[in-house]
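So the sequence shown is numbered by the UniProt record's numbering: it starts at 1 and just counts up by one.
Ideal placement from N, C-alpha and C gives every residue a C-beta, glycine not left out.
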Amino acid sequence: MFGIETPTSVELTGLRKYFNSYTLQGRRNVNHALHIHACAILQQTWTMLPRARITELFCPSECS
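Written as structure tokens, this is what we have:
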């Protein structure tokens, strides 16, 4: 890609074998990992917020 020679499968070892920018499957794996981690962080943040704070964020005083 762009004049860079694609490494052979022997040169890709460890995590580089699964998360690389040379193959479509490697790019897909990076994309999946990014989205899974983003969703996990959002879920953890959501569960740690107290319910009163969530109500305050999404339903201001005029909703009550």
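Query	Result
At which residues does the alpha helix (DSSP H) containing ASN31 begin and terminate?	24-48
Does DSSP put THR55 in a helix, in a strand, or in coil?	helix
Would you call the CB atoms of ASN31 and PHE19 closer than 8 Å?	no
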